[in-house]
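> In this text, residue positions in the sequence shown follow numbering that gives the first Met the number 0: the first is 0, and each later residue adds one.
Each residue gets a CB set at the ideal place from its N, CA and C atoms; glycine is no exception.
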Amino acid sequence: MASPTDSRDRRRNDRRGRRAEAIAALFLWLKGYRILARRVRCAAGEIDIVAAKADTLVFVEVKARATLDSGWNALHPAALRRIEAASRVLAPRYAGQRTTTRIDAVLVRPWALPVHMIAVRREGERWS
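1. Just grab the DSSP bridge partners of A90 for me.
2. Between the Cα of G16 and those of L112, E60, L67, spot the shortest distance and give me the residue it belongs to.
3. Report yes or no: do the stretch 72-84 and the stretch 24-33 share at least 3 C-beta pairs separated by less than 8 Å?
4. Taking R101 as the reference, which of C41, R18, R9, A84 has the closest Cα?
5. Thinking C-alpha only, which one of I34, G95, S86 is nearest R40?
6. Give me the Cα-Cα distance between R108 and R33, rounded to the nearest whole angstrom.
7. Looking at chain C, is there any beta carbon in it that lies within less than 8 Å of the beta carbon of S86?
See below:
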């Protein structure tokens, strides 16, 4: 049975994650991206933001961390493989006329502008 503290921590983390996703979506929108969906779930996993710009469909992973280093470290290969698997399942739903697909990340830190890391993963690249 989960303790009340675990439950509070989970709710707090969920609120922080939702707030970071809202900040990231606004940030991307201000950069000219069209936000197609947020928190999309499928059997392979969850995508935080699905966005588009020109002919590119972008699957965005959002990380709320205290520092850039901790945010970058949270994007380990296993997490990126999970995001890639979910993006492959979801791409046909959102692709339309878009010909390019990529995975980006947005790192959200307290009292700082978000950092948009473009093409953390491009379609067709292999993991090392």
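By the coordinates alone:
1. Along the sequence shown, one-based indexing puts residue 90 at 91. Per DSSP, none; premise fails for A90.
2. Numbered from 1 along the sequence shown, position 17 holds the residue referred to as residue 16. Nearest C-alpha to G16: E60.
3. no
4. The count along the sequence shown starts at 1 and reaches residue 101 at position 102. The candidate whose alpha carbon is nearest that of R101 is A84.
5. By 1-based counting over the sequence shown, the position of residue 40 is 41. Residue S86 is the option with its Cα nearest to R40.
6. Position 109 of the sequence shown, counting from 1, holds the residue named residue 108. Position 34 of the sequence shown, counting from 1, holds the residue named residue 33. Roughly 23 Å between the two C-alpha positions.
7. As a matter of chain content, chain C is missing from the structure shown, which is built from one protein chain.
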